[in-house]
Amino acid sequence: MTTVGIEAINAYTGPASLDVRQLFEARGLDLRRFGNLLMTRKSVNLPCEDPVTNAVNAAKPIVDALPPDARERVELVIVGTESGLDFGKPISTYVHEALGLSRRCRSFETKHACYGGTAALQMAAGFVATHPDPQVRALVIAADAASVAARNTYWEPSQGAGAVALVVSRRPDILALDAGANGYYSHEVMDTLRPRPDLEAGDSDLSLLSYMHCLEQSYQHYTERVVGADIMTTFDYLVLHTPFAGMVRSAHRQLLRKLKRMSPERIEADFQARVMPSLRYCTEVGNVYSAALYLALCALLDHGDFDRPRRIGLYSYGSGCASEFYSGVVAEGAAARLAALDLPGRIAARHPLTIAEYETVSDDSLHRMCGVRDHVFDVGGYEHIYKTQMEGRGLLVLGEIRDFHRRYRWS
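The number in this note's numbering is simply the position in the sequence shown, starting from 1, with 448 added.
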């Protein structure tokens with residue numbers, strides 16, 4: 449059977465960040481709930497950024513690193529997002545153009561809340577596995593940008609910004625997917641939703657319960673597909689969709705209680721050993737929606753022990769809902785390939801926003817949202833941040849919207 453998986457991976461986590469405790473205090477939120485997040489900071493996009501710029505800025509370093517013949521063999525671009533900018537036009541068209549990829553290429557967008565990135569990855573893997581050209585490649589990007597609709601709610605502190613890009617091929621230098629090792633579970637539920645560009649709604653308790661239920665059921669389906677699979681011995685690490693790290697801790701605890709009836713002490717030790725390494729970036733970046741699982745994968749690569757190939761279990765969840773538990777083997781040398789892109793350094797270098805700066809950036813960000821017809825993006829309101837974080841760095845930024853058409857430029 450053809451081996452397919454992730455050849456290259458990179459994340460973009462935005463140019464600015466905000467202290468989450470500071471936001472709790474400014475909003476008058478109950479600090480007794482702060483500890484449940486297991487977060488310190490969250491990433492924030494500038495108003496001249498949107499899902500397209502996040503996607504391109506994540507993908508460009510790994511696309512540019514491909515040899516010319518390999519770039520020509522990128523025949524599929526899929527962007528998984530719940531932050532689409534049009535009911536008809538996918539953001540993949542902008543991404544494809546900005547990256548200068550061959551026009552002999554399929555291009556489209558996938559949407560199912562936070563599951564969209566996994567839907568894109570699995571679709572790309574099937575495309576590559578069955579393609580007659582063994583050198584064919586697909587580019588998958590999970591990209592989102594939080595709106596400002598959740599201001600003054602308990603959703604706001606966890607909302608992050610960014611994207612993760614994956615090159616999928618028959619050279620899985622990062623992660624070789626276990627063919628056929630996939631468990632699914634989906635049903636209709638109104639847990640979280642974005643019915644309008646200016647509204648994010650839902651029931652956080654229902655979403656948590658649905659997430660946990662789907663983890664159990666998708667893993668159960670996985671064990672029916674993979675005879676002999678065991679949650680404790682089959683996987684060296686577990687990587688779970690991470691809206692916030694506290695949610696992952698609760699889900700992991702419930703799963704091991706039900707499957708293994710383990711003591712709280714043993715569960716916590718397992719969490720620290722097999723799960724916590726994947727949460728290191730999510731605690732500093734926040735929820736990046738369709739990219740959250742793959743940012744967790746990046747964190748695991750940078751903070752796990754990969755002195756040899758190791759099998760990992762991955763769980764993807766999207767509100768509404770769809771879920772999938774699947775697995776793969778992290779290749780020897782994968783951690784070094786990601787380390788060369790210095791993701792920890794880029795996260796640490798973000799501009800720390802004051803609350804006043806955060807409010808200014810949030811107000812101006814209304815102009816980048818879906819449905820805006822005409823706007824010119826003047827960086828004057830946050831010029832000092834733009835100059836230190838973006839100017840001269842060759843990042844894609846949003847320059848203007850003219851008759852709904854978005855026009856981008858390089859910083």
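We put the CB at the ideal spot given by N, CA and C, even for glycine.
In angstroms, rounded to a whole number, what distance separates the CA positions of residue i and residue j?
i           : j           : result
residue 828 : residue 512 : 31 Å
residue 534 : residue 819 : 7 Å
residue 573 : residue 611 : 19 Å
residue 464 : residue 491 : 6 Å
residue 580 : residue 805 : 52 Å
residue 527 : residue 785 : 23 Å
residue 459 : residue 791 : 7 Å
residue 497 : residue 663 : 33 Å
residue 622 : residue 686 : 16 Å
residue 809 : residue 706 : 44 Å
residue 702 : residue 643 : 31 Å
residue 766 : residue 658 : 10 Å
residue 794 : residue 760 : 26 Å
residue 787 : residue 779 : 14 Å
residue 700 : residue 840 : 43 Å
residue 645 : residue 606 : 18 Å
residue 487 : residue 517 : 42 Å
residue 632 : residue 625 : 16 Å
residue 475 : residue 697 : 26 Å
residue 529 : residue 756 : 33 Å
residue 588 : residue 768 : 22 Å
residue 773 : residue 570 : 12 Å
residue 577 : residue 599 : 44 Å
Which term fits residue i, buried or exposed, when burial requires 16 or more other beta carbons within 10 angstroms of its beta carbon?
i           : result
residue 676 : exposed
residue 628 : exposed
residue 501 : buried
residue 824 : exposed
residue 711 : exposed
residue 499 : buried
residue 449 : exposed
residue 802 : exposed
residue 720 : exposed
residue 640 : buried
residue 466 : buried
Between which two residues does the alpha helix (DSSP H) containing residue i stretch?
i           : result
residue 540 : 540 to 546
residue 761 : No alpha helix (DSSP H) holds residue 761; the beta strand (DSSP E) holding it covers 758 to 766.
residue 653 : 652 to 673
residue 847 : No alpha helix (DSSP H) contains residue 847, which is instead part of the beta strand (DSSP E) from 844 to 850.
residue 836 : 831 to 837
residue 785 : 782 to 787
Based on Cα-Cα distance, which residue from the options lies nearest to residue i?
i           : options               : result
residue 603 : 454, 787, 691 and 613 : 691
residue 694 : 705, 656, 662 and 748 : 656
residue 730 : 774, 652, 468 and 771 : 468
residue 522 : 803, 812, 563 and 549 : 549
residue 708 : 727, 678 and 689      : 678
residue 732 : 797, 716, 560 and 519 : 797
residue 462 : 774, 634, 592 and 788 : 592
residue 494 : 842, 475 and 838      : 838
residue 536 : 852, 759, 858 and 859 : 852
residue 652 : 646, 637 and 645      : 637
residue 849 : 842, 843 and 857      : 857
residue 542 : 689, 668, 763 and 504 : 504
residue 763 : 846, 670 and 789      : 670
residue 830 : 775, 540, 546 and 812 : 812
residue 776 : 744, 524, 752 and 683 : 683
residue 722 : 836, 547, 539 and 681 : 681
Start and end of the beta strand (DSSP E) containing residue i?
i           : result
residue 589 : 585 to 593
residue 644 : 640 to 644
residue 460 : 453 to 460
residue 606 : Taken as a continuous stretch (DSSP letters only), residue 606 belongs to no beta strand (DSSP E), as it is neither H nor E.
residue 522 : 522 to 528
residue 855 : 853 to 858
residue 491 : 489 to 492
Per DSSP, which residues does residue i bridge with? Please list them.
i           : result
residue 800 : 465
residue 685 : 760
residue 630 : 774
residue 615 : 456 and 587
residue 625 : 776
residue 554 : 524
residue 649 : 641
residue 576 : None; residue 576 has no bridge partner.
Could you check if residue i belongs to the surroundings of the ligand HEM, using beta carbon to heavy atom distance under 7 Å?
i           : result
residue 529 : No copy of the ligand HEM occurs in the structure displayed, which carries no ligand at all.
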